[in-house]
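Read through the structure below, which is laid out as structure tokens, and then see the notes.
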Amino acid sequence: MSDDATIAVMIERIRAACNPRRIVLFGSRARGQAGPDSDVDLLVVLDRVENRRQVAVGLRRLLADLPLAKDLVLATPEEIANRGNLVGSVLRPALRDGIVLHERG
9 MSDDATIAVM IERIRAACNP RRIVLFGSRA RGQAGPDSDV DLLVVLDRVE NRRQVAVGLR
69 RLLADLPLAK DLVLATPEEI ANRGNLVGSV LRPALRDGIV LHERG
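Using the numbering used here, the letters of the sequence shown correspond one by one to residues 9 to 113.
Put into structure tokens, the structure is as follows:
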């Protein structure tokens, strides 16, 4: 399976599992600078996150069989509003340079 096809499977699984508002690809893959060992950086925007660790672990398990390394960042719209422009926040480059792969209509 190609990297693009693997990423598409990731997006579909995440959509089915938690109905996120938005999923954004960021990092080296979004910049077109991915190497053979590059991971897939995804910002998953959820309406709310009651137990961040539980949701993150569940999503990682859901994606564990896929061949690409992945790094998932979970955020709510409120967190994005409060920290999205902070220098040093992972949200800033994800929002500024990321590619939206899913947006709930």
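Glycine included, C-beta positions come from ideal geometry on N, C-alpha and C.
- Between the stretch 92-112 and the stretch 17-35, the count of Cβ pairs shorter than 8 Å is three or higher; the stretches touch.
- Val95 and Arg30 have their alpha carbons spaced roughly 22 Å apart.
- Positions of the alpha helix (DSSP H) runs, each at least 4 residues long and wholly inside the stretch 12-90, are given as 36-39, 60-71 in order along the chain.
- Between the alpha carbons of Val48 and Gly113 lies a gap of roughly 24 Å.
- The shortest C-alpha to C-alpha distance from Val53 to any of Gln41, Val32, Met9 is the one to Val32.
- The three-state secondary structure of Leu94, taken from DSSP, is coil.
- Distance from the CA of Arg23 to the CA of Leu67, rounded to the nearest whole angstrom, comes to 10 Å.
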